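See structure below.
Here it is in structure tokens:
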């Protein structure tokens, strides 16, 4: 009997073990006998990916999707039922009677199916692989584990390692990404991305059927002009061509880091990364639309786009705008046309052959034709073909040439490595005989004039050189003098820092450009002086900031701004074009911003309606991206220290650009925070640890960003909030112990504290719309507003360690994670202090105050 029981016990243990192993094996699969019901999920074998039910931010619909397991800030990578959401919950995913993987709602309504032909549901399994590929497997007497369907052949908006983008021009087969319709709606949007196999493979983004962006030709492991993309991948990109001439584009996974691409609803292709170093947060290392010129064929046929110029579109030599009126209005899509027809094929035997105009470091035009010719052969082939418009040569690609109607999508970019040679008639190049005669006559008749003018020019140049040398002595100091540029002992500019590619302008030239600094040219008043609208001799429109002698900004701050901003370039940072230092004058020349600064919209009643909610959210994202670049992505780590609404400039399309780097600080690679005895900044935006102790870091900028975020939502300055009796009382216990210090702190913190309190109050009570600017209450999306207020409160927490980084903040703003799962912000500064007295705070003036071991040495408000 005992023996029998032992046998039974052993059998039971064996059965339990068997079923436990089956259950474990099934955690990455959906079986015919095991469906997936909301809110259940499955995880790939290596716990890399998870598939389950989710609700997009701002929506009540349910979907089945795939995402990276354990990385809540990252995108939903794939959505099954993106066209038909689950409205009647709970939904389920299961193997149907006909052997398909299907999604149904609670009423058994079919919403989605793999829609493949199967012999039945027996021996059919759906499995989530560690590549993120969801596969439908079927087994029979002849095949074991055959893939009947896979998600990698039914893409959504994300491109992960081992996926393939494919295309075949002969069969019209394409495998593309398709954007979401909006952040809250995974339904297919208007944008798609894929590979164009017509000539040399390139990645394209299309808006409907029209190209919206393209990369450049693929040259092995990278595409021309995009070396950055290779550095983030282990083995670069791969393009395969099968016997059927199907091109497939893929990339390898990275070691210890997640990396993928996502096509945003607005058509921007982003390279997203995450890892342990980022705290599993979401970072963006590359964007297809960093600059205005990245829009496909921005300047039309034969036009060249250059973001460093104004206007950004120009016609090459030998070409003129096709429609001058439209061109002058800023509509450049008509492009450029030849001034003179080419000579090739001309019946006039006396006409000389065409030549080629060299355009240096250009993104090569779209749709090149390829051959394996040498550089000389490449030129000769194009020269002998009258239909050839241009050619280019690259060692990695070979010969590229263009025929047809026009050269499209040419732009100047700093990392371009290819020169393009455009066919021009010889007379446009000055190579024909008549031109030589004219040139000789001109030189002869001008010789006397040149001789007579030489002395005058020499003396003029000598005088100007003296002024320029004085500028260079200031702006390009000897290395041993660099360490003298300090901020009360804090070195602002790294040792041996050199200024390059900076245009030095004379005071006389800028005076003419601003009509002698006329008040009619003033755009606004900056923290250190007026800003003028000006037009330089070459016609470029610029903004000129003339530093006031009484402003308090000296050579240190001026040098600092030049040092910082001349070394950074990003679509969300204002560009410094040049400067002037003569006598006591210090002048900075920036790119012109048509819509001035953000505060001119936010705080002016008649202008507030011009910024609807979607535009404000776009501005918030842009400011985030600019700060991420300063803090993490540029080769210099930069802390701005004076982020505020008036320092956010807006271009014609209301894209934000961070400006005014006079107070910025360059950090070393191993430097996380610094201390200063000279606190500078704007009242209401300064972080507590900075104003009280002089300690600043990335988190100081995060605090300022949080205040700015709440201002953008409310349309009110942080200084406009009035405290109520409850808050007023809560400060008084603290006041009675630190009276003098509090008088100063009231001036520094009360504006932001009160705005934070008001935001925290409506957030806590669930009445988020009470904080929203009435001018945009109709367009504001409540879920997005609540998320923004949540992030704003996290950014303005009292302790720096409690605040997120900017990259984490933008991840939380764009995440599909429900708000309830985000960290809860702590109560605002001073809110929980004890009440005892009443006080009328007075304005604190300079000097040294030491109360309870807290010392304020010097604070300068702006």
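In mature numbering (1 follows the signal peptide of the UniProt record, and there is no 0), the protein residues as written are -25 to -1, 1 to 837. For every residue, glycine included, the Cβ atom is placed at its ideal position computed from N, Cα and C. What you are looking at is a predicted structure, and each value in this text was computed from that prediction instead of being measured.
| said: Distance check for residue 656 and residue 103, CA to CA, integer angstroms please. | reply: Here residue 103 is taken as the residue at index 128 of the chain shown, counted from 1. Here residue 656 is taken as the residue at index 681 of the chain shown, counted from 1. So the alpha carbons of these two residues sit roughly 53 Å apart.
| field | Whole-Å CB distance - residue 142 paired with residue 153, under 8 Å assumed | value | For the purposes of this step, residue 142 is taken as residue 167 along the chain shown, with counting starting at 1. For the purposes of this step, residue 153 is taken as residue 178 along the chain shown, with counting starting at 1. Residue 142 to residue 153, Cβ: 14 Å. No contact.
| request: Quick one: give me the first and last residue of the alpha helix (DSSP H) that residue 357 is part of. | output: The count along the chain shown starts at 1 and reaches residue 357 at position 382. It spans 350 to 359 - the alpha helix (DSSP H) in which residue 357 sits, taken as one unbroken run.
| said: Taking 8 Å as the threshold (C-beta atoms), are residue 568 and residue 632 in contact? | reply: Counting from 1 along the chain shown, the entry for residue 632 is found at position 657. Counting from 1 along the chain shown, the entry for residue 568 is found at position 593. Yes, these two residues count as a Cβ contact at 8 Å.
| task | Use the C-beta contact count for residue 184: other C-beta atoms within 10 angstroms, 16 or more gives buried, fewer gives exposed. | result | Residue 184 sits at position 209 when you count from the first residue of the chain shown. Exposed, by the Cβ-count rule.
| request: Kindly give me the distance between the Cβ atoms of residue 32 and residue 159, rounded to whole angstroms, as I take these residues to be in contact under 8 Å. | output: Counting from one through the chain shown, the residue named residue 32 turns up at place 57. Counting from one through the chain shown, the residue named residue 159 turns up at place 184. Confirmed, Cβ separation roughly 6 Å.
| message | To the nearest angstrom, how far is the alpha carbon of residue 494 from that of residue 576? | response | Taking the chain shown and counting its residues from 1, the one referred to as residue 494 is at position 519. Taking the chain shown and counting its residues from 1, the one referred to as residue 576 is at position 601. Cα to Cα, the separation comes out at about 22 Å.
| said: So, with DSSP's three-state summary, where would you put residue 132? | reply: Taking the first residue of the chain shown as 1, we reach residue 132 at position 157. Coil, per DSSP.
| message | Counting C-beta neighbours from all protein chains within 10 Å, is the total for residue 790 16 or more, i.e. buried, or is it exposed? | response | Residue 790 sits at position 815 when you count from the first residue of the chain shown. It counts as buried.
| field | Contiguous beta strand (DSSP E) assignments of at least 3 residues, all confined to the stretch 537 to 581 | value | 551 to 557, 560 to 566
| query | Given a threshold of 16 other Cβ atoms within 10 Å of its Cβ, counted over all protein chains shown, does residue 21 qualify as buried or as exposed? | reply | Counting from one through the chain shown, the residue named residue 21 turns up at place 46. Residue 21 is exposed by the Cβ-count criterion.
| In terms of residue numbering, what span does the beta strand (DSSP E) encompassing residue 26 cover? | Mapped onto the chain shown, residue 26 falls at position 51. Residue 26 -> beta strand (DSSP E) spans 24 to 29.
| Residues in its own chain within less than 7 Å of residue 65 by CB, not counting five upstream and five downstream? | Start at 1 with the first residue of the chain shown, and residue 65 comes out as number 90. Excluding positions up to five away in sequence, the list reads 12, 13, 81.
| Is residue 673 buried or exposed, if buried means 16 or more other CB atoms sit within 10 Å of its CB? | As a position in the chain shown, residue 673 is number 698, starting the count at 1. Classification of residue 673: buried, given that the 10 Å Cβ count is 16 or more.
| request: Could you tell me if residue 269 is buried or exposed, where buried requires 16 or more neighbouring beta carbons within 10 angstroms of its beta carbon? | output: Stepping through the chain shown from its first residue, residue 269 is reached at position 294. Label assigned to residue 269: buried.
| DSSP puts residue 330 in a beta bridge; with which residues? | Start at 1 with the first residue of the chain shown, and residue 330 comes out as number 355. DSSP, once it has assigned bridges, lists 399 as partnering residue 330.
| What does a CB cutoff of less than 6 Å around residue 701 pick up in its chain, not counting 5 residues either side in sequence? | Here residue 701 corresponds to residue number 726 of the chain shown, with the count starting at 1. Only weak support exists for where residue 701 lies, its pLDDT of 37 falling under 50; the coordinates are left without a value.
| query | What separation, rounded to the nearest whole angstrom, lies between the Cα atoms of residue 41 and residue 4? | reply | To locate residue 41, count along the chain shown from 1; it is residue 66. To locate residue 4, count along the chain shown from 1; it is residue 29. Roughly 13 Å between the two C-alpha positions.
| task | Flag this pair as touching only if the stretch 596 to 616 and the stretch 636 to 643 have three or more C-beta atom pairs under 8 Å; answer yes or no. | result | yes
| field | Nearest-angstrom Cα separation, counted from residue 664 out to residue 771 | value | Residue mapping note: residue 771 aligns to position 796 of the chain shown, counting from 1. Residue mapping note: residue 664 aligns to position 689 of the chain shown, counting from 1. Straight-line Cα distance between these residues: approximately 12 Å.
| Pick from 162, 602, 166, 271: whose alpha carbon is nearest that of residue 151? | Along the chain shown, one-based indexing puts residue 151 at 176. Nearest of 162, 602, 166, 271 to residue 151, Cα basis: 166.
| query | According to the Cβ coordinates, are residue 599 and residue 781 closer than 8 Å? | reply | Taking the chain shown and counting its residues from 1, the one referred to as residue 599 is at position 624. Taking the chain shown and counting its residues from 1, the one referred to as residue 781 is at position 806. For residue 599 and residue 781, yes; Cβs fall inside 8 Å.
| In three-state terms, what does DSSP make of residue 484? | On the chain shown, position 509 is the one that residue 484 refers to. In this structure, residue 484 counts as helix in the three-state DSSP scheme.
| request: Using 10 angstroms around the beta-carbon of residue 384, count the other beta-carbons present and answer buried if the total reaches 16, otherwise exposed. | output: In the chain shown, residue 384 corresponds to position 409, counting from 1. Residue 384 is buried by the Cβ-count criterion.
| Could you give the uninterrupted runs of the beta strand (DSSP E) lying entirely in the stretch 67 to 129, keeping only those of 3 residues or more? | 67 to 70, 76 to 79, 85 to 88, 99 to 103, 109 to 113, 121 to 125
| said: Using a 10 Å radius around the Cβ and a threshold of 16 neighbouring Cβ atoms, would you call residue 839 buried or exposed? | reply: Any answer about residue 839 is impossible in this case: the structure gives the chain only from -25 up to 837.
| query | Using DSSP with H/G/I as helix, E/B as strand and the rest coil, what is residue 663? | reply | Position 688 of the chain shown holds residue 663. Residue 663: helix per DSSP, three-state reduction.
| Can you tell me where the beta strand (DSSP E) with residue 761 in it begins and where it stops? | Residue 761 sits at position 786 when you count from the first residue of the chain shown. Where residue 761 is concerned, there is no enclosing beta strand (DSSP E), although the alpha helix (DSSP H) it sits in stretches over 757 to 770.
| message | Taking the alpha carbon of residue 378 as the reference point, which residue from 396, 107, 681, 285 has its own alpha carbon closest? | response | Position 403 of the chain shown holds residue 378. Of the listed residues, the one whose Cα sits closest to residue 378 is 396.
| field | Euclidean distance between Cα positions of residue 585 and residue 579 | value | Within the chain shown, residue 585 is the residue found at index 610, counting from 1. Within the chain shown, residue 579 is the residue found at index 604, counting from 1. Using only the alpha carbons, I get a separation of about 10 Å.
| request: Check whether the Cβ of residue 796 lies closer than 8 Å to any Cβ atom in chain C. | output: Looking at the structure shown, chain C is missing, and only one protein chain is on hand.
| Residue burial classification, residue 795 (beta-carbon count within 10 angstroms, cutoff 16) | As a working note, residue 795 is residue 820 in the chain shown. Label assigned to residue 795: exposed.
| query | Which stretch, first to last residue, makes up the alpha helix (DSSP H) that contains residue 784? | reply | Taking the chain shown and counting its residues from 1, one reaches residue 784 at position 809. Where residue 784 is concerned, the enclosing alpha helix (DSSP H) stretches over 781 to 789.
| Contacts around residue 605, its chain only, beta-carbon distance under 6 Å, and the 5 residues preceding and following it disregarded | Position 630 of the chain shown holds residue 605. Here the set comprises 613.
| request: State buried or exposed for residue 100, treating a residue as buried only when at least 16 other CB atoms are found within 10 Å of its CB. | output: One-based indexing of the chain shown puts residue 100 at position 125. By the 10 Å Cβ count, residue 100 comes out buried.
| Excluding sequence positions up to five away, which residues of its chain have a Cβ less than 6 Å from the Cβ of residue 590? | Here the question's residue 590 lines up with position 615 in the chain shown. Contacts found: 629.
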